[in-house]
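The structure appears below as C-alpha cells.
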Amino acid sequence: MSFILKMLPMFTPRIKTIFLLSILLPLLSGLAHADGTFDVSVSHLPDFRGVQPGHFSEVQFYYVNGSELGQNLEITVEGPFRISLHCYEDFSGSLSLVPANGTISSTRIYVRFFPETTGSKQGTISHQAGSAGPLNVSLSGSGIESSIPAGYYHNAYGIGSNLKTQLFNIINNHQTQTYSSLWGHFEQTDATFAGKVWDMYSDIPCQEPPYVFTFLEDQDTGSGGNSEGDVFNREHSMPRSWFGGAVDPMNTDLFHLWPVDKFVNAKRGDFPYGEVDNFTWISENGGKLGPNAAGGYSGTAFEPINQYKGDIARGYFYMITRYQDQIQNWTYNESGQAMLDNQQYPGLKPWAISMLIQWHENDPVSQKEMLRNQAIYNIQGNRNPFIDHPEFVDRIWGDTIAYVGIHHVVCQGLTVYPNPASSWFTVEAPHGSQSLEIYSLSGKRLISQVALQGEMRVSTAGLKPGIYILVVETSYGLFREKLMIKN
64 MSFILKMLPM FTPRIKTIFL LSILLPLLSG LAHADGTFDV SVSHLPDFRG VQPGHFSEVQ
124 FYYVNGSELG QNLEITVEGP FRISLHCYED FSGSLSLVPA NGTISSTRIY VRFFPETTGS
184 KQGTISHQAG SAGPLNVSLS GSGIESSIPA GYYHNAYGIG SNLKTQLFNI INNHQTQTYS
244 SLWGHFEQTD ATFAGKVWDM YSDIPCQEPP YVFTFLEDQD TGSGGNSEGD VFNREHSMPR
304 SWFGGAVDPM NTDLFHLWPV DKFVNAKRGD FPYGEVDNFT WISENGGKLG PNAAGGYSGT
364 AFEPINQYKG DIARGYFYMI TRYQDQIQNW TYNESGQAML DNQQYPGLKP WAISMLIQWH
424 ENDPVSQKEM LRNQAIYNIQ GNRNPFIDHP EFVDRIWGDT IAYVGIHHVV CQGLTVYPNP
484 ASSWFTVEAP HGSQSLEIYS LSGKRLISQV ALQGEMRVST AGLKPGIYIL VVETSYGLFR
544 EKLMIKN
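Be aware that the sequence shown starts at 64, since it is given in the numbering used here, and climbs by one per residue.
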C-alpha cells in the first residue's frame, strides 16, 4: 500500500480516484459481509385466522439458511406469537441458532398464535446475525369469542343415553345440502391457511406434505385418481354403503365428509377405521390398510395418522347421535356391521367405542376443528357437540370422565388457570380431589401430587415449553385438560 501511495502523485486526480476505488470497494464489500449471509424462505406467513383467547393455533413453519456466518442467528418475535424448533414444544419468544462451521442448513422454524385477548393481531419475526440482517417475517391472526350460540346446549344434561338423546334433539333437522354443493362448501370448511385443500389423507402436520391440492383445479371430474396426488374427491368417513347409499341427509352431512385424495379414498373403500400393525398398503402420509388390531374385530381396517384420529372419532360420535332415530333401519353391509351395533345406544360395538374414545382423548380438539364446526354451522344450521363440549363423549360412553380442551375451565367446581401457563398454574378444587398428574402427549407421567384441597398452586419446574395432559381425580370423576406450558 505504501508503494501505491508513493506512485499516486504521478497520476491525474481523476485517475487517482478511479484507482483508489478499484482497491477499496472490494475491501469494503468484504467487511460488509464479514458476518456472512442468510435468507428466510418467506416474508410473511398466511393469516392464522381465528383463535379463542387461551387457546392456540395450528402450526405454520418456514425455513432459514445461512452461510459463512460468524455469529449466531438470533430470531425474536413480537406480538402474541411464539416460535420453536419443535412442532409441539419449546415455544417461546426467541431462538438462537448456532451455525455449524458458519452454516445453517434449511432449518425449519415453527410458529403458533397465542392470543390473550380478542381482536385483530399483528406480529413480526426478526432475524439478525451480527451485521447481517435484519430480515423480517410478518404475522397476523385474530382473537375471537366462542362461536357457540347462547343457550344452544341449555338442555344438554344427564349422562349416557339420556344425554345422547338430548343432543339428538338439539342437532336434529339440519339444512340438507345438495351433493354437488359440497365442492364449494369445502372451500369454507377445509381450506388450509394458504387456501389449499386440507386433505387429512395426505397432510403431514409439522412438515411438507407429499402433494397439495388446489380447489376446483384438482377436483375429481370422473377421471383420474390412478395414483396419489392426482385429484381429490368427497370422502364419507362413515361409508354411505353403511346407511343404504346416496340417502339424505346422511349422504351430504358435512360433519362426516372431507375432501381427500381419490386414490387413498378408493384404497380405504368402505372398510371401518381401526388400528393396523401389519399393513398391506401404506399411503404417502402414513395412512395404513390391513388387519385390525384394535379390540375384537380382526378384519381389514384403515388407520389414519395420529394427528387426525380425534377429528374422525368426533365425526363418528356425531353421526351415531345425529341419526340415532335411523340407525336401526340402516341397511348395513359386512363392514358396517363390524363397527355399528344397530341400536340407538350405544350405537357402536364395544371395541369401536373403546378405540374412538382413545383417539378422541389422544388427539384433542384443535383450531382446525373449531373453525370447521362454525363453518358447517353457518351452512347446515347445526353443530358437532363433541367439538364444542369434548366432555360429552365420556359422559355418554365413558365412566363419568370429563375431557376438556385448553381454556380457563370450570367443571363441577374445578378451575384451572392460567392456561397457557408459564412457571406455575392454579387448581381450585373446592370439593377436594385425590390426585393431580401431568402427562406428556406420549403418555409418560411427569408430575404426580396427592390430596388437593381448596386452592393449590402447581409449579411447572422441569417441564419444557409444550403441550401436556393434566389429569385431576375428584369425587365427580376424572377430569382431563390440555395444558400448554410456555416461556
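Backbone N, C-alpha and C fix where the C-beta goes; we use that ideal spot for every residue, glycine too.
Counting along the chain, no beta strand (DSSP E) covers PHE342, and no H or E run does either.
Nearest C-alpha to MET382 among LYS227, MET418, ILE211 and PHE177: LYS227. A distance of 7 Å or more separates the beta carbons of VAL174 and ILE211.
THR523 carries a coil assignment under DSSP once its states are collapsed to helix, strand and coil. When GLY461, LYS507 and GLU536 are compared, the shortest CA-CA separation from GLU491 is found for GLU536. Judged by DSSP in its simplified three-state form, ILE138 adopts strand.
Per the coordinates, the alpha-carbon of TRP321 lies some 25 Å from the alpha-carbon of PHE176.
Annotation: the region 350 to 375 contains the following complete segments of the beta strand (DSSP E) (minimum length 3 residues), in chain order: 351 to 354 and 363 to 366. Counting only the Cα atoms, TRP261 lies some 5 Å from ALA254. Distance from the CA atom of HIS190 to the CA atom of ILE439, rounded to whole angstroms, is 39 Å.
The alpha carbon of LEU202 has as its nearest neighbour, out of ALA213, ILE188, ILE172 and SER168, the alpha carbon of ILE188. Taking all protein chains shown into account, TYR242 has fewer than 16 neighbouring C-beta atoms within 10 Å of its C-beta and is therefore exposed. Relative to the Cα of LEU509, the nearest Cα in the group TYR264, LEU499 and TYR395 belongs to LEU499. About 7 Å separates the Cβ atoms of PHE365 and GLY350, confirming a contact at the 8 Å cut-off.
Secondary structure of PRO302 (DSSP, three-state): coil. Note that the C-beta distance between GLU208 and THR181 is below 7 Å. Separation of the CB atoms of GLY165 and LEU198 is rounded to 18 Å, and the pair is thereby denied contact status at 8 Å. Spanning the alpha carbons of ASN447 and PHE111 requires a straight line of approximately 23 Å.
Approximately 22 Å separates the beta-carbon atoms of PHE342 and ASP293; this is outside 8 Å, ruling out the contact. Taking C-alpha positions only, GLU518 is separated from THR489 by approximately 7 Å. The three-state reading of DSSP puts ALA213 in coil, since its state is none of H, G, I, E or B.
Per DSSP, the continuous alpha helix (DSSP H) segment holding THR228 begins and ends at 223 to 234. Remark: three or more beta-carbon pairs, one from each stretch, lie closer than 8 Å, so the region 299 to 311 and the region 399 to 406 are flagged as touching. Measuring C-alpha to C-alpha distances from VAL114 to each of SER183, LYS507 and PRO481 identifies SER183 as the nearest.
Taken through DSSP and simplified to helix, strand or coil, GLN123 comes out as strand.
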